[in-house]
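One structure below.
Numbering (our numbering), first residue to last: 4 to 77.
Next up, the structure:
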């Protein structure tokens, strides 16, 4: 099931100093990505953060994918 990260992730300067976060929360994307990088399952993350839904976790991965596709010209 494709997830569009733009529906779930926001960044505003007045919350978490503008760090990308899950919409409606103060949970930064980097925290969720850290859990995933540490080999935690989606189920474990949902247990730790009961206000989240599975689509929001997948949105974090989609966000990271988009960032990795960003190209710079030297």
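The beta-carbon is built from N, C-alpha and C at its ideal position, and this holds for glycine as well.
1. Tell me whether the segment 43 to 51 and the segment 65 to 75 touch, counting them as touching only if at least three CB pairs, one residue from each stretch, are closer than 8 Å.
2. One question on the structure: do residue 39 and residue 64 come within less than 9 Å of each other, judged by their Cβ atoms?
3. Does DSSP put residue 13 in a helix, a strand or coil?
4. Taking 6 Å as the limit between beta carbons, can you name the residues of its chain near residue 6, skipping five residues before and five after?
5. Taking the C-alpha atoms as reference points, what is the distance between residue 32 and residue 54?
Short version:
1. no
2. Contact: yes.
3. In the three-state DSSP reduction, residue 13 falls in the strand class (E or B).
4. Closer than 6 Å at the Cβ level, and outside the excluded window around residue 6, lie 58, 61, 62, 65.
5. 14 Å
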